[in-house]
Amino acid sequence: MGRAKVSLDKKTEITALLEAGFSQRYVANKLGVSKTCVLHVAKKLKEKLPLSHLPGQGRRKASTATDDRNLLRLCNARTVRRRLLEMRIAF
């Protein structure tokens with residue numbers, strides 16, 4: 006089970022409270038996020054990294070777009086064939 010993604014608005018709130026001088030523990034309790042989340046945002050702030058999620062994060066797809074199209078085509082053909090047989094229509 007992965008981490009829940011924190012919205013950019015929530016990260017902006019965390020940033021504002023940290024810059025106002027509040028402790029990480031206070032910010033975590035006030036906004037209802039984990040202390041680790043606040044720690045990660047503070048680390049990104051310190052290193053001047055963007056707060057938004059970077060593209061390409063997450064699990065990669067196992068199938069290609071071509072594989073997906075072929076699977077869809079195969080499923081559709083089987084479904085049509087089965088329904089025609091159920092209605093006793095020759096194809």
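Here the sequence shown stands for residues 6 to 96, numbered as in this note's numbering. Virtual Cβ for every residue (Gly too), placed ideally from N, Cα, C. If you're wondering where the values come from, they're calculated on a predicted model, not measured in any experiment.
- Task: Within the same chain, show all residues whose beta-carbon is closer than 7 Å to that of residue 11, passing over the 5 residues directly before and after it, in chain order.
- Result: Counting only Cβ-Cβ distances below 7 Å, and skipping sequence neighbours, we find 38 and 42.
- Task: Check whether the Cβ atoms of residue 57 and residue 13 sit closer than 8 Å, and answer yes or no.
- Result: Yes, these two residues count as a Cβ contact at 8 Å.
- Item | Where residue 11 sits in the DSSP three-state scheme | coil
- Query: Would DSSP call residue 46 helix, strand or coil?
  - Reply: helix
- Message: Quick check: the Cα distance between residue 66 and residue 26, rounded to an integer number of angstroms?
- Response: 42 Å
- DSSP state of residue 67 mapped onto helix, strand, coil: If DSSP states are grouped into helix, strand and coil, residue 67 belongs with coil.
- Is it the case that the Cβ atoms of residue 3 and residue 32 are separated by a distance below 8 Å? Given a span of 6 to 96 for the chain in the structure shown, any question on residue 3 remains unanswerable.
- Short Cβ contact (8 Å threshold) for residue 40 with residue 29: yes
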